[in-house]
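Visitor: My structure is below; once you've seen it, I'll send some questions.
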Amino acid sequence: MSSEKLKHRGRFQAQGGGLEESENWAQEEPLSLKSALSLLLKLKNKLSPTERTEREKSFIKADKFIKTAATNGGVFARISRTFLVKGSRDKRVDIEVLSGKAFTPEND
Amino acid sequence: MKNTAVLDKNTTQFKFLFQNFLEDKRIYVFNQNYWKKTVKPFLQKNIKPAAAENNIAEDPHNIYNTAFADGQKMYDGNPIFSTFVSQNKTLRIVQEEPESEHPAITAWTEKSDFDNRKELVIVLELSDLTKKIAARLIEHWAKDATDEKSMAAFIDSVFSQNTDK
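Chain order of the listed sequences is A and B. Numbered per this note's numbering, the first sequence spans residues 2 to 109. Numbered per this note's numbering, the second sequence spans residues 2 to 166.
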């Protein structure tokens, strides 16, 4: 099945300053809190130490948003959130929930 | 290509608007209405069909979900406002906590993966200065910009006067 047909889709992105890295999901079940945090960490680990350090606060905010969402039952698409590196032109971490549901609590 | 930004570090005299919007939900709603009023004159008349074609909820002025699954609203300004501005162009405004010593605003355009449309993203701390820059960008995006490239050039021209490139 093509990823577009899967019900629950989205991605985490680290962008700006010439960087464009992402971690996507496309699956039949909503993305759980645990899987979301794991994907976000995977994205973070793709970056160079400098890129990671620059976006440290943005990753913290993204992590916090995912956890807050989980305590509120998750989120439904469409979600588009930008966590800009303060003072930068466009260095950021983005969260996009393209379809379905994400960040569901573990017991959901 | 992601476009440009501005942080005018020569300017220190400015006034934040809706300063407590993250603490006071009433101010937050006033702040949202401010954006609605600011953007309205620039919107094309066909945005409702555009939103429908793109399979977006009835309200073309609220493209993104800003509530959690349990219905609780996020009230965090990310985004504080989003809308279709024309058939294939959208706008997303992320308003951050006012805390910088200098006017803070940045903008870029990006292609949406949701559907066949392009989006102007503005991230700012709202002040009497940044509101004017934002309004210029929104007007050009809605009325004149034919593609991302021309918008990039316009953003550059607006920011070139006082940017810290």
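Each residue gets a CB set at the ideal place from its N, CA and C atoms; glycine is no exception.
Does the Cβ of residue 3(B) have 16 or more other Cβ atoms within 10 Å, making it buried, or fewer, making it exposed?
Guide: Annotation note: pLDDT 39 at residue 3(B) (below 50); position unreliable, coordinate value reported separately. Result: buried.
Visitor: Return the chain-ordered ranges of every alpha helix (DSSP H) run that is complete within the region 64-144 of chain B and spans a minimum of 4 residues.
Guide: As far as the region 64-144 of chain B is concerned, its whole alpha helix (DSSP H) runs of at least 4 residues are 131-144.
Visitor: How would you call residue 31(A), buried or exposed, if buried means at least 16 neighbouring beta carbons within 10 angstroms?
Guide: Result: buried.
Visitor: Helix or strand or just coil, what does DSSP make of residue 53(A)?
Guide: In this structure, residue 53(A) counts as helix in the three-state DSSP scheme.
Visitor: Determine the closest residue to residue 124(B) out of 96(B), 33(B) and 15(B), with distance taken between C-alpha atoms.
Guide: Checked all of 96(B), 33(B) and 15(B); the closest Cα to residue 124(B) is 96(B).
Visitor: Just to confirm, is the Cβ distance from residue 95(A) to residue 82(A) under 8 Å?
Guide: It is a contact, given that the beta carbons lie within the stated cut-off.
Visitor: In chain B, what lies closer than 7 Å to residue 76(A) by C-beta?
Guide: What residue 76(A) touches in chain B: 66, 69 and 70.
Visitor: Please classify residue 8(A): does DSSP put it in a helix, a strand, or coil?
Guide: Three-state result, residue 8(A): coil.
Visitor: Where residue 17(B) and residue 103(B) are concerned, what is the direct C-alpha to C-alpha distance, given to the nearest angstrom?
Guide: Answer to the nearest angstrom: the Cα atoms are 10 Å apart.
Visitor: Using a Cβ-Cβ cut-off of 8 Å, state whether residue 107(B) counts as contacting chain A.
Guide: So, interface residue.
Visitor: Consider the Cβ of residue 5(B): report whether some Cβ of chain A lies at a distance smaller than 8 Å.
Guide: Low per-residue confidence applies at residue 5(B): pLDDT is 43, beneath 50, and the placement is therefore not dependable enough to give any value.
Visitor: For residue 85(A), which residues in chain B fall below 8 Å Cβ to Cβ?
Guide: Per Cβ cutoff of 8 Å: 95, 97, 107 and 124.
Visitor: For chain B, find out if any of its Cβ atoms is closer than 8 Å to the Cβ of residue 81(A); answer yes or no.
Guide: So, interface residue.
Visitor: DSSP three-state label for residue 93(A), please.
Guide: The answer is strand: DSSP assigns residue 93(A) an E or B state.
Visitor: Which residue comes first and which comes last in the alpha helix (DSSP H) that contains residue 23(A)?
Guide: Here residue 23(A) belongs to no alpha helix (DSSP H); instead the beta strand (DSSP E) covers 20-28.
Visitor: For residue 64(A), would you say it is in contact with chain B, using Cβ-to-Cβ distances shorter than 8 Å as the test?
Guide: No, residue 64(A) does not count as interfacial toward chain B.
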